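Encoded as structure tokens, the structure appears first; notes follow it.
Protein chains: 2
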Amino acid sequence: MISRDHATLRLAVDLAILTVRESALQVLTITRANDPFRGQAALPGGFTRTDEGIEVAAKRELLEETGLDGAGMHLEQLSVYGEPFRDPRGRVVSVPYLAIMPDLPVPTAGSDASTAAWRPVAEVRGTLAFDHDEILDEAVERARRLLEFTTLATAFCEPVFTIGDLRAVYETVWGEPLDPRNFSRKVVNTEGFVEETGEKRLPGVGRPAALYRPGGQKDLNPPILRTR
Amino acid sequence: MISRDHATLRLAVDLAILTVRESALQVLTITRANDPFRGQAALPGGFTRTDEGIEVAAKRELLEETGLDGAGMHLEQLSVYGEPFRDPRGRVVSVPYLAIMPDLPVPTAGSDASTAAWRPVAEVRGTLAFDHDEILDEAVERARRLLEFTTLATAFCEPVFTIGDLRAVYETVWGEPLDPRNFSRKVVNTEGFVEETGEKRLPGVGRPAALYRPGGQKDLNPPILRTR
DNA sequence: AGCCCTTATCGTCCAGATGACACAAATTAC
DNA sequence: GTAATTTGTGTCATCTGGACGATAAGGGCT
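Here the protein sequences come in this chain order: V and L.
The first sequence begins at 7 in the numbering used here and counts up one residue at a time.
The second sequence begins at 7 in the numbering used here and counts up one residue at a time.
Structure (structure tokens):
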């Protein structure tokens, strides 16, 4: 007994690419060139192709939209959005991914990327096409949790960074100030979070800070919990 | 410039329904009646229908396979499985859900459910059709994490339960023994985890235990972390 | 009844983690 | 030189969680 009422549909991947930039949590948005929602901001994304895996499609879109090779990059899958009428063109199910990257120059490469721009999350919230506002909210919430339980904060930083840089990431993403001294102690004492390079950076002002690179550990144990 | 190479595909929902039964973590499996993988064990599931949301489809399948109304039940979406050739019949992308329920009688209602049976996870691991082994592994891992950070352990229990019942859930899912005294202290002192009923249960042996029902809180703060 | 066995529950102790914060160190701005 | 700024070390009180002793409350047994 096989019901033939099987929905056939297209699968989209959408990207919530976050960075910390100018002391704010920012997201990469594009301006839609076509209907529906022409002219409105949206998350970059596109359809999966025949015989293409989903994460492969996400990395391809990432490359097309930002010119960046996501080969080594951490892509975190968010929950699927599949409301029947979420896309006026027909049944489209979206698999959104969260990507995290350092503050790189505004992307320019790729045909679709001409309208791509970093914009503060606080500013775009509530203005995106489709159900991308929900996706963005989920991405931000996921990022906050990832900072608690993984070392992924280093993905927001350049390959080499100071503890102060790392703290700025936490403070910006969480939206709350942290004690520099306790934070430093915590990070340095956590095995595998960061690794000393021996170098120091001269900031504009203040004492030079030791430079670190990401340690080998992915999970953070014990976690760095927010006080709620 | 629109590429027309858009994969059209069918969307399946699969259910990893877990329970604690006979001191073991068990999963509801069906025996496939049709090719491919005819006669082999698999997770219950089916295709989404036209104009049907994904979670709605999951709850419908749950009802069809187990005869249980998943209306109030917590369904946790796992990560999407979309390898191009994961299903020999064509492009099928699966959205798996984790469901948790108390030890109910073996389900019998529903046409597809005639072959449904609880089986220990340890026993079925590695024997499932499609990529359902991977899905099951992810479901178990997710369940373990949920016990750490949410009050979802109560979903494994009857509507009214003892702290000992709850501890048995943790011990079975985590696969490690816990100190009854510390566990009790932790649970009772955590605001909103459990709520006293005032009743007691007379077990076959030992001192009567106070009965509780689930508290209002969903998140567990602070979490109950496994010692790793 | 009296004893033992079992499970539940309370209390104590201590090690380790965390928050608050004083203070020293190393640089730039003036 | 002095002030300002940021980094980093140290201290201390508090809280949490693990280990575990002791007591409570039932049933089964003799």
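Quick reminder that beta carbons are idealized off the backbone N, C-alpha and C, glycines included.
This structure is a prediction, so every number in the text was calculated from the model and none was measured.
Per DSSP, reduced to three states, the secondary structure at V:SER190 is helical.
With a beta-carbon spacing of about 6 Å, V:ILE36 and V:ALA48 fall inside the 8 Å limit used to define contacts. In the DSSP secondary-structure assignment, L:ASP20 is bridged to L:GLY51 and L:PRO102. V:ALA215 is not a Cβ neighbour of V:THR157, given a cutoff of 8 Å. A direct Cα-Cα distance of roughly 13 Å separates L:LEU184 from L:LEU153. In the structure shown, L:GLU201 falls within a strand segment according to DSSP collapsed to helix, strand and coil. Ranking L:GLU70, L:ASP41, L:GLN83 and L:MET107 by CA distance to the CA of L:ASP93 puts L:ASP41 first. Annotation for V:TYR176: the continuous alpha helix (DSSP H) segment containing it runs 169-180.
For V:GLU89, the chain L residues whose Cβ falls inside 7 Å of its Cβ are GLY59, in order along the chain. When V:VAL98, V:GLY132, V:LEU104 and V:ARG125 are compared, the shortest CA-CA separation from V:PRO111 is found for V:ARG125. Using a Cβ distance threshold of 8 Å, V:VAL101 and V:GLN83 count as a contacting pair. Restricting attention to V:GLU205, V:GLU58 and V:GLY198, the CA atom closest to the CA of V:LYS224 is found in V:GLY198. Proximity of the segment 65-78 of chain L to the segment 15-32 of chain L meets the contact definition, three or more beta-carbon pairs being nearer than 8 Å. Listed as beta-bridge partners of L:GLN32 by DSSP are L:THR25 and L:PRO126.
Among the residues facing chain L, V:VAL146 is not included, as its CB has no counterpart in that chain under 8 Å away. GLN83, SER85, VAL86, TYR87 and GLY88: these are the residues of the segment 70-88 of chain V whose beta carbon lies less than 9 Å from some beta carbon of chain L, given in chain order. DSSP places V:THR121 in the helix class (H, G or I) of the three-state scheme. Assignment of beta-bridge partners to L:PRO220 by DSSP yields L:VAL200. Non-local beta-carbon contacts of V:GLU205 in its own chain, meaning distances under 8 Å to residues more than five positions away in sequence, involve VAL166, ALA216 and LEU217 in chain order. Here the C-alpha atom of V:GLY170 lies approximately 42 Å from the C-alpha atom of L:ALA105. Between V:THR233 and the set V:TRP180, V:VAL33, V:ARG16 and V:THR121, the nearest pair of CA atoms involves V:TRP180. Counting only the Cα atoms, L:TYR176 lies some 28 Å from V:ALA149. L:ARG173 is classed as buried because its beta carbon has at least 16 other beta carbons within 10 Å across all chains shown. For L:ASP11, the C-beta contacts it makes with chain V under 7 Å involve ARG55 and THR56, in order along the chain.
Chain-ordered, the chain V residues with CB closer than 9 Å to the CB of L:ARG16 read HIS12, ALA13, THR14 and LEU15. Distance from the CA of V:SER85 to the CA of L:VAL193, rounded to the nearest whole angstrom, comes to 30 Å.
The alpha-carbon separation between V:ALA128 and V:LEU31 amounts to approximately 8 Å. The alpha-carbon of L:THR196 is positioned some 8 Å away from that of L:ASN227. Distance from the Cα of V:ASN188 is smallest, within the candidate group V:THR203, V:GLU202, V:LEU231 and V:MET79, for V:LEU231.
Classified as buried, V:VAL146 has 16 or more neighbouring CB atoms from the shown chains inside 10 Å of its CB. V:GLU164: not part of any beta strand (DSSP E); DSSP gives it neither H nor E. Judged by beta-carbon spacing, L:CYS163 lies within the 8 Å limit of L:PRO108, meaning their Cβ atoms are closer than that value.
At least one CB atom of chain V sits nearer than 8 Å to the CB of L:PRO228.
The continuous beta strand (DSSP E) containing V:LEU81 extends over residues 81-83. Counting along the chain, V:ALA149 sits inside the alpha helix (DSSP H) bounded by residues 138-155. For V:ARG44, no CB of chain L lies under 8 Å from its own CB, so it is not counted at the interface with that chain.
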